Amino acid sequence: MTHCDTIIDLLLEARGEPVSGSTLGRRLGISRTAVWKNIQTLRSEGYEITVVKGRGYVLRSVSPSPVSREVLRGLDTVWLGRDIFYFKQADSTNRAAKELARKGAKHGSIVVAEVQTHGRGRLGRSWESAPGGVYMSIILRPDMHPAQVTLLTLLAGVAVIRGIKRACNVEVGLKWPNDIMVSDCKLGGVLCEMEGESEHVDFVVIGIGVDVNCEASVGIPTTSLRAESGGYVSITGIIQAVLEEFEMLYTEFQIEPAGFLPEYKKYCLTLGHMVSAQGHRRSVTGRAVDISPGGGLMVEGKSGRVEEVVSGEIIHLR
Ligand code: BTN
1 MTHCDTIIDL LLEARGEPVS GSTLGRRLGI SRTAVWKNIQ TLRSEGYEIT
51 VVKGRGYVLR SVSPSPVSRE VLRGLDTVWL GRDIFYFKQA DSTNRAAKEL
101 ARKGAKHGSI VVAEVQTHGR GRLGRSWESA PGGVYMSIIL RPDMHPAQVT
151 LLTLLAGVAV IRGIKRACNV EVGLKWPNDI MVSDCKLGGV LCEMEGESEH
201 VDFVVIGIGV DVNCEASVGI PTTSLRAESG GYVSITGIIQ AVLEEFEMLY
251 TEFQIEPAGF LPEYKKYCLT LGHMVSAQGH RRSVTGRAVD ISPGGGLMVE
301 GKSGRVEEVV SGEIIHLR
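Okay, so the sequence shown: first residue is 1 according to the numbering used here, each after it adds one.
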């Protein structure tokens, strides 16, 4: 716990009553000047702390940004998100997470940014990352075969759906493999990247982007949780709920990797749709009928033949 964390705790305990600089200093074993410097740090992170003349500091509101101390406060996980690399601005949290993982960042570390300058989407696309969204990457060091990583990305989609429902009661669905959707509008996505060898996974980075309070992008059918729920939604609350759900799902995944698939199918808006799937070498058109045990999309063509699509882009036709 840092001095800043303790100051927030003491100010919260005071429930809006002023706490003097000397009281804070005594409790922390630091000078009043050092208390002042910590207050300045907290203000720069977005905490609203005012001074009542002659009486002390009052905490008016906690930071609305997903600063690490706010994410950790009340985060109910054992190993996920206990190490947070927080950036006011990053080029891409996935890129930063890969670099940190190469340098030895622990299993379960997360990277969070308030804004990304070069956010990345699937299939080489860019990801618009204005203030007001969740931009987060999870670093995992799973003991699994690379082929299982596809399932892990689907699992992340389920964690996001559950987390959103719990944090702000908005019902969302998944377009295969893991576009987060409200009806036809895209709300978020998951970008999973891996490093390792053919039989061994060194680390996996699961990047999650969700439009929480951003303005709608002109001309693109996107939405935000704010638009869907009709009010401001806490970014920190979404991050915490998603991490808690992910940790639970991941623990079960290690015992039974495909155990979450029935739930995934329940959320999967693609099933039952006519789709066109653009593979690397060819395209498949037909009705999406199932998800394979490995996480692929099973598409039944006109002839009745069912083919598995394992990657690439799909379009919902009707
Ligand atoms: C998609 O194309 O649907 C996936 C989008 C994933 C965006 C997230 S935002 C956090 C993380 N960092 C990135 O650069 N991309 C992912």
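Cβ atoms here follow ideal geometry from the backbone N, Cα and C, with glycine treated the same way.
Treat the numbers as computed from the prediction; the structure is a model and nothing was measured.
Does any heavy atom of the ligand BTN sit closer than 7 Å to the C-beta of residue i?
{"i": "N94", "result": "yes"}
{"i": "G301", "result": "no"}
{"i": "Y135", "result": "yes"}
{"i": "Q89", "result": "no"}
{"i": "V306", "result": "no"}
{"i": "I291", "result": "no"}
{"i": "S129", "result": "yes"}
{"i": "D179", "result": "yes"}
{"i": "V309", "result": "no"}
{"i": "I208", "result": "yes"}
{"i": "G189", "result": "yes"}
{"i": "Q116", "result": "yes"}
{"i": "R287", "result": "no"}
{"i": "G119", "result": "yes"}
{"i": "R69", "result": "no"}
{"i": "R15", "result": "no"}
{"i": "R122", "result": "yes"}
{"i": "R55", "result": "no"}
{"i": "R60", "result": "no"}
{"i": "R125", "result": "yes"}
Which partner residues does residue i have in the DSSP bridge list?
{"i": "Y57", "result": "V19, V51"}
{"i": "G286", "result": "V275"}
{"i": "D211", "result": "G133"}
{"i": "A90", "result": "Q116"}
{"i": "C185", "result": "V182"}
{"i": "V306", "result": "E300"}
{"i": "V111", "result": "F85, S137"}
{"i": "H316", "result": "V275"}
{"i": "G196", "result": "V201"}
{"i": "S126", "result": "R120"}
{"i": "C168", "result": "Its beta-bridge partners do not exist; DSSP assigns none."}
{"i": "T222", "result": "K186"}
{"i": "G173", "result": "M181"}
{"i": "I291", "result": "L297"}
{"i": "L191", "result": "G207"}
Cutting at 6 Å between CB atoms, please list the residues of its own chain near residue i, excluding the five before and the five after it.
{"i": "S65", "result": "G46, E114"}
{"i": "T285", "result": "S276"}
{"i": "G209", "result": "W127, Y135, G188, G189"}
{"i": "T150", "result": "G295"}
{"i": "C214", "result": "A130, G132, G133, S224"}
{"i": "D76", "result": "E244"}
{"i": "S137", "result": "T93, N94, A97, V111, V205, G207"}
Could you check whether residue j and residue i sit closer than 8 Å to each other, using their CB atoms as the reference points?
{"i": "V62", "j": "E70", "result": "yes"}
{"i": "D83", "j": "Q116", "result": "no"}
{"i": "G56", "j": "T23", "result": "yes"}
{"i": "H145", "j": "E199", "result": "yes"}
{"i": "F246", "j": "L10", "result": "no"}
{"i": "Y267", "j": "L155", "result": "no"}
{"i": "C168", "j": "V233", "result": "yes"}
{"i": "E308", "j": "R287", "result": "no"}
{"i": "E195", "j": "K98", "result": "yes"}
{"i": "G157", "j": "N178", "result": "yes"}
{"i": "R73", "j": "H107", "result": "no"}
{"i": "I161", "j": "L174", "result": "yes"}
Just to confirm my understanding: we take residue i, look at its own chain, exclude 5 residues before and 5 after, and list those with CB closer than 8 Å. What are they?
{"i": "L123", "result": "G312, E313"}
{"i": "F87", "result": "T93, A96, V111, V112, A113, E114"}
{"i": "H402", "result": "Since the displayed the chain opens at 1 and closes at 318, residue 402 lies outside it and no answer follows."}
By Cβ distance below 7 Å, which residues in the same chain neighbour residue i in space, the five residues on each side in sequence not counted?
{"i": "P18", "result": "V52, R55, G56, Y57, V58"}
{"i": "A101", "result": "I139, F203, V205"}
{"i": "S44", "result": "none"}
{"i": "D5", "result": "R69"}
{"i": "P257", "result": "Q148, L151"}
{"i": "M181", "result": "V172, G173, L174, K175, L187, L269"}
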